[in-house]
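For what it's worth, this note's numbering labels the leading residue of the sequence shown as 965, then goes sequentially.
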Amino acid sequence: KLGRERNALDAWLAADRIDGNDLETLRSLARLYRSTQAWDELSQTIRRIIDIGQLSGAINENETIELYAQLGQLEGDVLGRVDEAVDAWRRVVSIDPSDFRALAALENLFTREGRWEEAIDVLEKRALVTDDEVQRRETLLQAASTWEEKVEDLTRASAVYERVRASDPSNMTASERLE
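See below:
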């Protein structure tokens, strides 16, 4: 199998040298890099697919989102390059502010890195775009708790607890934290 993959890779690399802007070639290279776990090469190839696809208009918004999501997952979970992962996931959110997968990935990256204010910003965005009132309150309580416990900014924590209590006067958590 390795020999076949090596031959296929050589053929697609030769095709790429002939026409570096051919999306079919780049997609085939991406599949080969994924199957052989050539992660750096996969990352570079996904970036090229996005760039060429956007310039030529050959990829639509949904495909762009999926490619950035693949890149964010690859950079963050496989290659451990947090800043590149954050950039990719932020690009997803810039196209679709309600992409919960991207918001969750950003929150996880920021939390893992102790970047609390950025994590809170993502929680606030998630609270804005969710239709579920209970989930919105839970997300805001999480943001308030992070302000309180991680950033140690009681003023900002109180402001968020107040927002929760304004939307749900019977919310015990918000009421207790404000006392």
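Heads up, the beta-carbon is just placed ideally off N, CA and C, and yes, glycines get one too.
query	result
Contact under 8 angstroms by Cβ, N985 with I1016	yes
Selected residue, minimal CA-CA separation from V1153, among A979, A1091, E1005, L1073	Beyond the ends of the chain as shown, which are 965 and 1143, falls residue 1153; an answer cannot be given.
Neighbour flag for E1097 against chain C, beta carbons, 8 angstroms	The chain inventory of the structure shown lacks chain C, comprising one protein chain alone.
For A1083, three-class secondary structure by DSSP	helix
Within 8 angstroms, strictly: CB atoms of E1071 and L1087	yes
Buried versus exposed, by CB contacts within 10 Å (16 or more), D974	exposed
Counted within 10 angstroms of its Cβ, other Cβ atoms place A1108 as buried (16 or more) or exposed	buried
Close beta carbons around Q1106, own chain, < 8 angstroms, minus the five adjacent residues each side	L1087
V1056 and A1066 closer than 8 angstroms at C-beta	yes
Cβ neighbours of L1043 in the same chain (closer than 6 angstroms, five flanking residues each side left out)	W1003
Buried or exposed (CB count within 10 angstroms, at least 16 for buried), G1078	exposed
Buried versus exposed call for V1128 [16 or more other C-beta atoms within 10 Å across all chains shown]	buried
Coarse secondary structure for S1062, derived from DSSP in three states	coil
Three-state secondary structure (DSSP) of R1054	helix
Reduced DSSP secondary structure (H/G/I, E/B, other) of S992	helix
R1100 burial status per 10 Å Cβ neighbour count (16 or more: buried)	buried
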